[in-house]
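**Q**
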DNA sequence: ATATTAATTAGCCATTTGGCTAATCATGAA
DNA sequence: TTCATGATTAGCCAAATGGCTAATTAATAT
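Residue numbers (the numbering used here), protein chains in the order written: chain A, 4 to 129; chain B, 4 to 129.
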């Protein structure tokens, strides 16, 4: 049950649940895009993402300088959980806002994103 | 999504997940029985139980001096979550142990249980 | 009425968590 | 090779969490 507990802990934080929620809609997102819509420092987003990967909730792949994250669809036992979360969070104001913000972010290539580190945690203009 | 987050937080602690796990098997348990199998102080069990009730995961009813807790089956949207948890935790060593301990505890009437407060957090002989 | 007792609440403490900045690692560009 | 840059790690701090004991509340039993 420790494995299950790890999964639950990985999604029972506000920002991590927000990450999961948008990945239920967008197949794959770059760390910099996630950093951007969460409006937290890059290091903070990175740590949340690591926790989710370690728990087996997310998978990632590196492509050049960027790391892309997606739900772990290989672990089929997670599917019912994802489905449940989806039903619960879709159309909530938080997730609606996040998806809207992401729309704008996705219009900008990653090269122009991720200025948070240099900007001291504040969001880049998109 | 805050409601969903509250539910997730309510079950993403080891002891609270243990409580949920045994309530998937035993329809209803008294606070003193839960205190007993968790082997924590009564106050600690009580606080965990309150959190789960507040999040809507558990319901309780008072009967005399005892308070009985059970899963909230009224909220039908929780059913898939309970089902998922059940599949994940059943037959894990932790839950198996807990259920075994509960078997013995259930043989003892509540009157003879719950000596933890007086015993300084240590378990009564059953 | 008084004592007993299950449960809860209050108050304390140690640990964990989540945020930040700064430093480091790793990859592509000049 | 050297520089720029996205991601991660390290180190720090404030807030939240989970444990305990002691005090309080609510109900039964004497």
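The C-beta atom is built at its ideal place from N, Cα and C for all residues, glycine as well.
Where residue 102(B) and residue 101(A) are concerned, what is the direct C-alpha to C-alpha distance, given to the nearest angstrom?
**A** As a first step, residue 102(B) must be located in the second chain, where it is residue number 99. As a first step, residue 101(A) must be located in the first chain, where it is residue number 98. Roughly 43 Å between the two C-alpha positions.
**Q** Compare the C-beta of residue 60(A) with all C-beta atoms of chain B and state if any pair is closer than 8 Å.
**A** Here residue 60(A) refers to the residue found at position 57 when the first chain is read from its first residue. So no, residue 60(A) is outside the interface.
**Q** What does residue 98(A) reach in chain B if we use C-beta pairs closer than 9 Å?
**A** Within the first chain, residue 98(A) is the residue found at index 95, counting from 1. The contacting residues are 4.
**Q** Helix, strand or coil for residue 120(B)? Go by DSSP, reduced to three states.
**A** Position 117 of the second chain holds residue 120(B). Since pLDDT at residue 120(B) reaches only 40, below the 50 mark, its modelled position is unreliable, and the value read off the structure follows with that caveat. If DSSP states are grouped into helix, strand and coil, residue 120(B) belongs with the helices.
**Q** I'd like the list of long-range same chain contacts for residue 31(B), defined as Cβ closer than 8 Å, with 5 residues on each side in sequence excluded.
**A** Start at 1 with the first residue of the second chain, and residue 31(B) comes out as number 28. Result list for residue 31(B): 71, 72, 73, in chain order.
**Q** Exposed or buried, residue 99(A), counting other C-beta atoms within 10 Å across all chains shown (16 or more means buried)?
**A** In the first chain, the residue the question calls residue 99(A) occupies position 96. It counts as exposed.
**Q** Starting from the C-beta of residue 51(A), find all residues in its chain whose C-beta is less than 6 Å away, skip the five residues before and the five after it, and write them out in chain order.
**A** The residue labelled residue 51(A) in the question sits at position 48 within the first chain. Counting only Cβ-Cβ distances below 6 Å, and skipping sequence neighbours, we find 18, 19.
**Q** Is any non-hydrogen atom of the ligand FAD found closer than 7 Å to the C-beta of residue 49(B), if you look at the structure I gave you?
**A** This structure does not include the ligand FAD; it has no bound ligands of any sort.
**Q** What are the boundary residues of the beta strand (DSSP E) that includes residue 63(A)?
**A** Numbered from its first residue, the first chain carries residue 63(A) at position 60. Where residue 63(A) is concerned, the enclosing beta strand (DSSP E) stretches over 61 to 66.
**Q** For residue 55(B) versus residue 13(B), is the C-beta distance shorter than 8 Å?
**A** One-based indexing of the second chain puts residue 55(B) at position 52. One-based indexing of the second chain puts residue 13(B) at position 10. For residue 55(B) and residue 13(B), yes; Cβs fall inside 8 Å.
**Q** For chain B, check one thing: does any of its Cβ atoms lie closer than 8 Å to the Cβ of residue 92(A)?
**A** As a position in the first chain, residue 92(A) is number 89, starting the count at 1. Yes, residue 92(A) counts as interfacial toward chain B.
**Q** Who are the neighbours of residue 11(B) on chain A, taking C-beta pairs under 8 Å?
**A** Residue mapping note: residue 11(B) aligns to position 8 of the second chain, counting from 1. Residues of chain A with a Cβ closer than 8 Å to the Cβ of residue 11(B) are, in chain order, 11, 14, 15, 20.
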